[in-house]
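Heads up, the sequence shown is in the working numbering, so the first residue is 253 and it goes up one at a time.
Note that CB positions come from ideal geometry on N, CA and C, so glycine has one too.
Given the structure is predicted, the values throughout are model-derived calculations rather than measurements.
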Amino acid sequence: MIPNAVLLTAACLFWGPPGPQNDTVQLAPTFSVTDLKNERVDNTRFRGRTTVLFVFCECRECRLVAEEWSRRARSAVVQTFACYSGKTDEVKKMANAWPGGNDSTRFLVDPKFTIAEKYRALPCPAAFVIDGSGRLRYSSKETAGELESDPKIIVDQILDSVSDIKSGRPVTLAPRAAGAKKTLVPVETSANIRRDDHTISNVISAPRSDKEATVERQFQFRNPSRAPVRIDQVVSSCGCSDAGLLIGESMASSGTVLPGKSVRVRVRLKVAPNYTGQRSVQVWLLAKGTSVPLGCIQIEVHGAS
């Protein structure tokens with residue numbers, strides 16, 4: 253799921269230096285954020301240690317993964333960091349609800365979603381393992397699947413990867429088959445900005461109102477290939493009240509985009525009265541039998557300051 257805001261957890265496991273590395277393993281993206289005391293924390297703090305990163309929000313799926321990790325990681329000497337992409341008061345609420353209770357978790361603040369974007373961690377839950385040399389050894393998005401949320405699968409794979417590093421073994425977790433290729437191209441407008449070949453984004457300024465507001469946005473994707481592209485499912489994150497394909501003026505959850513033609517996608521979301529926070533909503537267009545999106549929509553909602 254995607255959050256109203258995103259939580260990132262980093263668990264640093266003190267299991268000595270990393271073993272031999274595979275040259276194809278990439279360096280993990282760097283980040284620098286602040287904690288609840290407004291002290292700067294970056295991932296240079298993790299040098300020489302194996303680091304586990306989770307991207308979470310307050311949704312049920314993320315909480316189940318957090319609880320599974322909390323239960324199964326207790327036997328290790330763990331230093332945990334949790335980074336929430338919201339304001340400080342929102343981060344404090346997450347800290348109070350943390351399933352580990354009074355453990356050593358240190359909560360970090362990332363209101364601009366920089367970590368989630370750098371690690372391509374959305375939709376959450378997501379997990380990453382970084383060795384003591386700063387190399388990214390595991391990504392649940394690559395190995396478990398982009399939309400996988402099963403806590404046992406994710407935590408099993410994390411512990412397998414950590415065990416590989418501890419034992420000096422190379423990467424043993426193979427990436428999951430990619431499935432269908434991303435074949436829909438977003439159509440850019442003055443309001444809808446194309447972020448990459450398959451993602452389009454929009455920023456919403458929350459209306460000032462004493463009542464709950466419903467905001468609607470429309471997006472367009474084109475099929476540049478010579479074959480029809482079938483959209484079997486439209487999946488949205490938490491925080492989205494309604495999303496689907498627009499066929500004429502009717503909504504549909506599936507459809508076929510002919511070569512050279514386009515499809516419209518309508519997204520509706522509700523904004524709380526006098527909303528002052530910041531949240532991210534995403535929508536994915538999926539083909540049957542794969543979790544790799546054909547296209548992606550990202551909406552950022554900015555509340556009144």
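- Expected contact under 8 Å - CB spacing of residue 456 and residue 471 to nearest Å: Not a contact, Cβ separation roughly 13 Å.
- Determine the closest residue to residue 339 out of 296, 368, 286, with distance taken between C-alpha atoms. 286
- Query: Do residue 298 and residue 379 have their C-beta atoms within less than 7 Å of each other?
  - Reply: no
- Message: Taking its Cβ as the centre, do 16 or more other Cβ atoms sit within 10 Å of residue 403, making it buried, or is it exposed?
- Response: Buried, since its Cβ has 16 or more Cβ neighbours within 10 Å.
- Message: Pull the bridge partners of residue 536 from the DSSP assignment, please.
- Response: 487, 548
- Expressed to the nearest angstrom, what Euclidean distance is found between the alpha-carbon atoms of residue 509 and residue 438? Taking the straight line from one Cα to the other gives about 13 Å.
- Message: Please give the ranges of any alpha helix (DSSP H) in the region 354-423, keeping only runs that are unbroken, at least 4 residues long and fully inside the region.
- Response: 366-370, 392-395, 403-419
- Rounded straight-line distance, which links the Cα of residue 311 to that of residue 465: 22 Å
- Whose CA, out of 397, 524, 335, lies closest to the CA of residue 462? 524
- Query: Apart from the five residues just before and just after residue 284, which ones in its own chain have a Cβ nearer than 7 Å to its Cβ?
  - Reply: 292, 294
- Near residue 519, which residues of its chain fall below 8 Å by C-beta distance, leaving aside the five closest residues on each side in sequence? 468, 469, 470, 471, 488, 492, 494, 495, 533, 535, 549, 551
- Would you kindly report the start and end of the unbroken alpha helix (DSSP H) that includes residue 316? Here the alpha helix (DSSP H) through residue 316 covers 312-324.
- Neighbourhood of residue 281 by C-beta, 7 Å cutoff - its chain only, sequence neighbours within 5 removed: 370, 371
- Query: So the alpha helix (DSSP H) residue 340 belongs to, where does it begin and stop?
  - Reply: 340-348
- Give me the Cβ distance between residue 334 and residue 359, rounded to the nearest whole Å; I'm assuming they're in contact under 8 Å. 5 Å
- Going by DSSP, which residues form a beta bridge with residue 454? 551
- Item | Assigned secondary structure, residue 556 (DSSP; H/G/I helix, E/B strand, else coil) | coil
- Task: Alpha carbon to alpha carbon, how far is residue 521 from residue 290? Give it in angstroms, no decimals.
- Result: A direct Cα-to-Cα measurement between residue 290 and residue 521 gives close to 32 Å.
- Message: Buried or exposed, going by whether 16 or more other CB atoms sit within 10 Å of the CB of residue 274?
- Response: Bear in mind that the predicted position of residue 274 carries a pLDDT of just 45, short of 50, making it unreliable; the figure below should be weighed with that in mind. Per the 10 Å Cβ criterion, exposed.
- Which of helix, strand or coil does DSSP assign to residue 297? helix
- Item | Extent of the continuous beta strand (DSSP E) to which residue 286 belongs | 284-287
- Between residue 555 and residue 373, what straight-line distance do the alpha-carbon atoms span, to the nearest angstrom? 23 Å
- Message: Rounding to the nearest angstrom, what Cα-Cα distance links residue 430 and residue 377 in this structure?
- Response: Confidence at residue 430 is low in this model, with a pLDDT of 49, below 50, so its placement is unreliable and the value that follows should be read with caution. Answer to the nearest angstrom: the Cα atoms are 19 Å apart.
- Query: residue 468 lies in the beta strand (DSSP E); which residues open and close that run?
  - Reply: 465-474
- Item | Cα-Cα separation, residue 440 to residue 513 | Cα to Cα, residue 440 sits roughly 15 Å from residue 513.
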